[in-house]
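Residues 72 to 190 (our numbering) make up the sequence shown, in order.
Reviewing the structure listed below.
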Amino acid sequence: MRFSSAAKALAVNTNGSIIVGDGNITAGRSRALRWDNGTPAGLPAPSGYRDSIANGLSDDSSSIIVRYLAGSLVGLPETNAIWTEQNNSMPTLDYLRQQGLSIPPYYSSRFKTNVLCRW
């Protein structure tokens with residue numbers, strides 16, 4: 072995947088080796104990016120979504136917080152997810168439940184909330 076020159080960093084791990092953000096691809100679309108020691112790579116979007124922004128990461132960079140934008144291919148709502156190399160993207164609430172947290176059923180990953188986790 073080729074990115075235009077318009078890219079922005081939004082978060083960095085403690086030692087500065089991993090940076091996340093987003094970059095523009097064709098026709099004003101954006102894709103979540105992860106820079107590993109200065110080399111950018113696009114994070115794949117889940118099926119049905121075409122735009123994404125990475126806006127946070129764990130300090131060991133094993134987990135990245137990604138927002139998938141409402142401009143989906145099939146009318147899916149805007150949502151938040153956790154990206155890992157093992158799972159790719161998983162909705163944030165599913166990820167937190169998998170980690171053993173009890174999440175009330177009325178919570179939705181559509182809410183624009185900042186989740187502060189210590190990994």
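All residues carry an ideal CB built from backbone N, CA and C; glycine is no exception.
- Look at GLY87 here: in three-state DSSP terms it is coil, with no helix or strand label.
- With a beta-carbon spacing of about 5 Å, ARG105 and ALA112 fall inside the 8 Å limit used to define contacts.
- Nearest C-alpha to THR110 among GLU149, ILE90, THR97 and VAL137: ILE90.
- Only exposed fits SER118, as fewer than 16 other CB atoms lie within 10 angstroms of its CB.
- Per DSSP, TYR166 is one residue of the alpha helix (DSSP H) stretching across 163-169.
- A straight line joining the alpha-carbon of ASN151 with that of ALA103 spans about 12 Å.
- GLY99 counts as exposed, since fewer than 16 other C-beta atoms from the protein chains shown sit within 10 angstroms of its C-beta.
- GLY99 sits in a helix when the DSSP states are folded into three classes.
- Nearest neighbour of GLY94 by Cα position, chosen from VAL83, PRO176 and ASP122, turns out to be ASP122.
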